[in-house]
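Protein chains in written order, with the numbering used here: chain A, 194 to 426; chain B, 222 to 341; chain C, 4 to 88.
Structure first, then comments.
Structure follows, in structure tokens:
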């Protein structure tokens with residue numbers, strides 16, 4: 194009972210801090226200096242219509258490189274932790290219950306459409322809401338649907354790893370190219386900025402976001418297949 | 222009572238609920254559920270801080286022209302941060318789940334009060 | 004912000020808090036808790052959309068409520084056969 198009391202007191206303290214923050218908060222009327230800079234310089238510096246994309250891919254591009262590295266490490270650690278329990282090779286376990294006809298047929302129809310939508314989302318990341326991370330997650334959900342329709346399916350881990358590492362390598366390569374040809378690491382002006390608002394614009398942003406999308410999609414798929422292929426305990 | 226205040230207090234309450242769940246449950250999976258709810262609450266608070274009343278999303282087009290952008294869009298920086306945070310959050314959750322699975326595989330239980338190997 | 008929008012966001016936030024309480028309620032089964040956490044994420048993504056953050060809304064809907072829930076269920080399906088739930 195004392196343990197619950199301590200928890201309750203702790204939460205009460207945190208709640209008091211939050212209440213203080215909430216009452217002391219006053220909304221800004223104008224953008225602060227850094228946001229102002231991004232709002233006015235995004236189009237002239239990067240040519241992207243979506244400012245969030247411009248921040249993620251160019252202004253804070255190094256952070257994003259770190260982020261996909263963290264994701265890669267996560268996928269690797271999940272695979273490592275679960276590796277002892279993987280079903281050895283391609284042995285097929287008996288299904289516990291049959292997958293419905295509806296799901297199997299629907300999967301055949303939907304997987305290409307979902308993959309196409311994922312590609313659309315990350316190719317248009319500089320123009321519309323969306324981008325590499327969302328598109329990658331949508332690609333991974335196409336894999337998830339395939340996994341649900343056939344739980345005994347085994348994806349080629351080598352292919353996933355190859356897509357992941359090749360896109361990561363090209364991502365860094367484009368970054369170094371920016372160092373050589375333009376203003377700095379991951380500068381998107383190695384390609385012409387093009388017409389504002391068209392698909393082939395904003396320099397290297399679409400290219401970088403496609404690579405991020407493939408990399409993130411491969412990483413999420415790897416995490417999912419590692420978890421789903423682990424043996425029953 | 223503004224939209225911003227509603228969203229921010231919802232976020233703070235979600236953090237408290239999530240922390241309560243993470244601290245009181247004995248089942249590791251339930252603790253991870255609590256952590257994900259607290260994470261969602263944190264993201265909500267951050268986005269609410271970056272919101273400016275009556276302004277549009279930070280995507281420039283015909284409706285939000287470039288010239289007046291700095292007076293018509295919300296703060297894009299918290300949005301970029303939260304986007305990163307959500308993606309990393311999935312990574313953290315996946316890692317916690319993998320370890321929870323491993324604990325169940327080796328110890329046969331998810332109840333933390335029964336995992337006493339390091340207790341003396 | 005019109006009054007109707009305000010009322011709708013109030014309803015949304017009340018629903019979010021209610022479902023979050025359901026997710027940590029000890030009497031509920033773990034499966035219900037996982038689904039409730041996914042529902043909180045989904046409603047948070049609507050909230051992000053109302054707060055003029057479509058990018059974040061999309062990420063939260065795809066990652067926070069989609070993939071996370073399924074990862075939970077993969078693990079839940081594996082540990083179900085164990086003694087405790």
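For glycine and all other residues, C-beta sits at the position ideal for the given N, C-alpha and C.
Remember, predicted model here, so these are calculated numbers, not experimental data.
| Query | Result |
| --- | --- |
| Residue 256 of chain A (DSSP reduced to helix, strand or coil) | helix |
| Segment contact flag, the stretch 393-412 of chain A with the stretch 356-364 of chain A, C-beta cutoff 8 Å, min 3 pairs | yes |
| Partners in chain B for residue 67 of chain C, counting only beta-carbon separations shorter than 9 Å | 257, 260, 261, 264, 307, 310, 311 |
| Residues that residue 277 of chain B bridges to, as DSSP identifies them | B/294 |
| Assumed close pair residue 37 of chain C, residue 75 of chain C - CB separation to whole angstroms, cut-off 8 Å | 4 Å |
| Contact list for residue 16 of chain C against chain B, beta-carbon separation under 8 Å | 227, 228, 230, 231 |
| Short CB-CB distance (under 8 Å) between residue 42 of chain C and chain B | no |
| Contact with chain B by residue 7 of chain C, beta-carbon distance below 8 Å | no |
| Residue of B/255, B/244, B/275, B/250 minimising C-alpha distance to residue 5 of chain C | B/275 |
| Classification of residue 150 of chain A by the beta-carbon crowding that lies within 10 angstroms, buried from 16 upward | Nothing in the structure corresponds to residue 150 of chain A, since chain A is present only between 194 and 426. |
| DSSP state of residue 223 of chain A mapped onto helix, strand, coil | coil |
| Proximal residues of chain B, C-beta to C-beta of residue 267 of chain A below 7 Å | 312, 315, 316 |
| Within chain A, partners of residue 185 of chain B - CB distance below 8 Å | The shown model of chain B, from 222 to 341, leaves out residue 185 of chain B, and the question about it has no answer. |
| Beta-carbon gap between residue 65 of chain C and residue 327 of chain A smaller than 8 Å | yes |
| Beta-carbon neighbours of residue 24 of chain C, restricted to chain B and to distances below 8 Å | 238 |
| Residue 32 of chain C in three-state terms, based on DSSP | coil |
| Members of the stretch 265-282 of chain B that neighbour chain A once the beta carbon cut-off is set at 7 Å | 273, 274, 279, 280, 281, 282 |
| Residues near residue 303 of chain A by beta carbon distance below 7 Å, same chain, minus five either side | 338 |
| Limits of the unbroken alpha helix (DSSP H) element including residue 213 of chain A | 195-217 |
| Closest by C-alpha distance to residue 256 of chain A, when choosing among A/405, A/419, A/421 | A/405 |
| Chain C contact for residue 331 of chain B (CB, 8 Å cutoff) | yes |
| Span separating the alpha-carbon of residue 297 of chain A from that of residue 342 of chain A | 5 Å |
| Residue environment, residue 385 of chain A, which counts as buried when at least 16 other CB atoms sit within 10 Å | exposed |
| 8 Å contact criterion, which residue 278 of chain B and residue 295 of chain B should meet: CB distance rounded | 7 Å |
| Close-in-space but distant-in-sequence residues of the same chain around residue 240 of chain A (CB under 7 Å, 5 per side omitted) | 386, 387, 389, 394, 395, 396 |
| Interface flag, residue 282 of chain A vs chain B, CB-CB below 8 Å | Confidence is the limiting factor: at residue 282 of chain A the pLDDT is only 44, short of 50, which leaves the residue's position unreliable, though a coordinate-based value still follows. No, residue 282 of chain A does not count as interfacial toward chain B. |
| Contact check, residue 287 of chain B vs residue 236 of chain A, beta carbons under 8 Å | yes |
| Euclidean distance between Cα positions of residue 213 of chain A and residue 70 of chain C | 35 Å |
| Nearest neighbour of residue 362 of chain A, chosen from A/232, A/262, A/208, A/203 [CA to CA] | A/262 |
| Endpoints, alpha helix (DSSP H) assigned at residue 57 of chain C | 57-62 |
| Below-8 Å beta-carbon distance, residue 285 of chain A vs any chain C residue | The predicted model places residue 285 of chain A with a pLDDT of 46, which falls under 50 and marks its position as unreliable; any figure quoted below should be read in that light. Taking Cβ atoms only, chain C never reaches closer than 8 Å to residue 285 of chain A, which makes this a no. |
| Short CB-CB distance (under 8 Å) between residue 62 of chain C and chain A | yes |
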